[in-house]
Structure formats: structure tokens, C-alpha cells
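Let me begin by presenting the structure, written as C-alpha cells, before commenting on it.
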Amino acid sequence: MGSGFSSASNRPRFGGLSRATRALAVFAALTVVFVTSTCISEHSETENDNGVGVIVKAFDHGYSDDEVEESYENAVEMGARWTRVVVPWYYVEPSPGEYNWDSTDKSVAAANKHGMNVLIQVSTAPEWATGVDKLAPEERESLQPGMDTYAPTPDHYDDYAQFFAKVIKRYSKKGVSDYEVWNEPGSAGFWKDSPDNPKASPESYAQLLKHAYPAAHKANRDVNVIAGGQVVLPTEADDSVIGATEYLKRMYAAGAQGNFDSLSHHPYGINSEEWVWNGWDYMFGDQPTLNAPADNLYSLMRANGDGDKDIWLTEVGQDTVRGTADETIQEERYSQYLNTWGQSHNVGPILFYHIEDKKQYNASENKEDYFGVIREDGSWKPAAWAIKYYTETNPPKEMRD
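Read in full-length UniProt numbering, the sequence shown has 86 at position 86, and its numbers run on one by one without any break.
Here it is, written out as C-alpha cells:
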């Protein structure tokens, strides 16, 4: 596989960056001054300096060590300072008390080697902690580990909390301070509450937080516990998906306040004129969209006494599937994300999903295969150059003269 990193020195410095993106950067820089000026009375510091991240390849996903190493090298060349490492509970503790830390250890070590900060996400319960034993035998046999994501049952919330604490104890020693509780619990694709109720449940998730949060701070009082990423989808009548603001309202109603330090959100769809698809407008309501309600994530946080907390953008991206999007659109979106994020208040790092396409173009119709900023052959897409351009023209404070 070719390497965007190894050949970077032979490319024009910003040769992959289009005129449209440069113009967008200027436009965004001007417009965000207006957007953020309305917040200055409450937020004296509007410049965000928390770091850009890229989610790289993982050691437990069938990649060779060299392929994973190359993905870290590419991320660093783009100027990424953060990455996300997923700790799948079902994989690390397949049976109670039996642990396999190898792949996570290697991922954290690789990030440390390349000077990248790590966000650890702890998700996906093992079967022994769920209620799948209630399923019919043929249905249980059809379950795919890591894909059919039933939540832990209430009598296993403490097991999750203790596992979460073990993760913190192990990786705090390796410099990791930020830990996320689950991935997109607002979707039944990642949180099926039980076989009897295979839907999202903010009420159950809030109870899990109540167990995990004190255990986390007992393991290390200084860690940042992040409530799992909110989804950018309209609420379904059957609660198979619960939109971000409704989910957060119900989390608070179930007692989540005081049981997380930051909130995670996945703000896909920054360009959409429709509120239900515009992930950025969910956060602050600062982009004009159709049918936008009065409430947004930050206003709900402030109303519940959490106005001093940050929203972490732990996953965001744009696919490049032909016909629905392309590399130019991806580049423009990423520039828009970066320029808007860079002038926003109360936000943590922004992490782009994903480092590299899973397949060559035209080999699949699944957009999930084409979220990379690097093509399957190792060459950089324009979005990778947009990230590099932003990080080089907006260095972190400690790197400025």
C-alpha cells in the first residue's frame, strides 16, 4: 500500500487544496466573528485551542502492524494531535475476570510514540453482561459479536463501572486522561436496551453513568468522563433512534447531571439546511436551519447547571461515495468544520472519521467504506490537505512564537 506520509515531501506544500477551500476559509473566518460575537458576553475566551484529531486504524481490525503504524504517521503529517482508541468490553473481557489488553496496549503505545493525545471510548458489552440469554437459541446464535450491541442489564452496571475503572487505572499511567462512556447510545444500532426492549434508552444510559462516574473518579480523580456521543438523526416513533436534544433532555430528567464531565457529540451534516440533519446546529443553534427548535445541546446543558462543560466532537466526517458526495465536497466540509470549530466556545477536540478508505472506489456502494481522508491506495484526498493547511496555519498556543 502506498503512503501519503512517505511521499509527502515530494508534493507541493498545499497543492491539494482547492481555491474553493481557501475562499471558504476566509469566508468562515469572517462569518464566525459575527456568530461568536453574540456569545462574548458569556464567554470571554472564544478561540478554541483543544486540538484536531483523526481516528486511525486499530490493531484489532485485521490490519498489519505496519499498516497501523503508517496510519499514525499520516495523521501526524496532517498535524493531528488527537486520536480515539476504542476499548470494546466484549473483546477485552470476553469472560468475567479474563482480560486481553494486547491490542489496546499497542494502540496507546503507538499514539504515545507519535506524540498524540488519546481519547479512550469504552463500549459494547460482552454477552455475559447482557440479557441475550433470553433470546431464542437460533436468534442468539445469529448474533454478531461487536455488531449486535445489547446494553448491559442493570445488574451488570457495576461490572461495566469496574471495567471502566480498570481501563482508567491502566491507561492513566500511560498519560490518558479522557474516557468516553459508550458510542452513540441514542441509536439502537449501538445500544439495544434489552431483548424485551431493543431500543435506545436515555433513562437506562443515565443509570449506567451513575455507576461509571464515581468508579472512574475513584480510580483517578482527575480524569475527564465524557457522556457518549449524541446522534444526528430525527427521533423515531419507536425509540430505535432518539435525536440528540431529546436524548439529552431525557438523560437529565433521569438524573445524569453530576455524572459526567463533558458531553460527546457527532456533528455530521454541517452543511444541511434542515435542522434534523445539521449536527452543528444541534450543539449551539448558531446556523440558520429550517424548523430549528429553541433548545440545543448547550442551552440544555446550561439550563441544567452544566454551562461550564465542553462538548467534545469525538467523531465527524463526510464520505466521498460517487453520486451522493465527492472529494471536493468532503474537502469543503472539513474546512467548514475546522474554521467553525476553531472559533466556537465550550468545545473540546474535533476528531475526524476516518484516516483511510476501506476499499477502492467502485468496489462498494456502502458509504461507510469511503469516509477516509486517504484513498485505499495510500494517496491523500484534498480533505487531508485541508486538515494539514488548518493545523499549520492555526498552530496550538505552545507552538506559537
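Just so you know, even glycine gets a beta-carbon here, dropped at the ideal spot from N, CA and C.
Given the structure is predicted, the values throughout are model-derived calculations rather than measurements.
Item, Value
"Between the CA atoms of L233 and H345 - distance to the nearest angstrom", "24 Å"
"For S335, the three-state DSSP class (helix, strand or coil)", "helix"
"Close Cβ partners of I387 (< 8 Å) along its chain, the five nearest in sequence each way excluded", "V52, V54, M78, G79, A80, Y334, L338, F352, V373"
"Minimum C-alpha distance to P349 - residue among A303, N366, L119, A244", "L119"
"Opening and closing residue of the beta strand (DSSP E) in which F352 lies", "347-352"
"Beta-carbon gap between V85 and A58 smaller than 9 Å", "yes"
"E356 in three-state terms, based on DSSP", "strand"
"Nearest residue (CA-CA) to I355, options S364, N117, D369, E365", "D369"
"With 16 other Cβ atoms within 10 Å as the buried cut-off, status of G255", "exposed"
"Proximity to S107 [Cα-Cα], best of G342, D286, V176, W380", "V176"
"Residue(s) in a DSSP beta bridge with I226", "E180, S262"
"For R170, the nearest candidate out of P88, E139, D105, Y213 (CA to CA)", "D105"
"Spatially closest choice to Y90 from A216, W182, D239, by CA coordinates", "W182"
"9 Å Cβ cutoff met for S71 and V92", "no"
"Anticipated Cβ contact below 8 Å, V223 with F260, distance rounded", "That belief does not hold up - the Cβ atoms of V223 and F260 are roughly 11 Å apart, past 8 Å."
"Collapsed DSSP secondary structure at Y150 in the structure displayed", "strand"
"Where I242 falls: helix, strand or coil (DSSP)", "coil"
"Bounding residues of the alpha helix (DSSP H) (the contiguous stretch that carries Q162)", "157-172"
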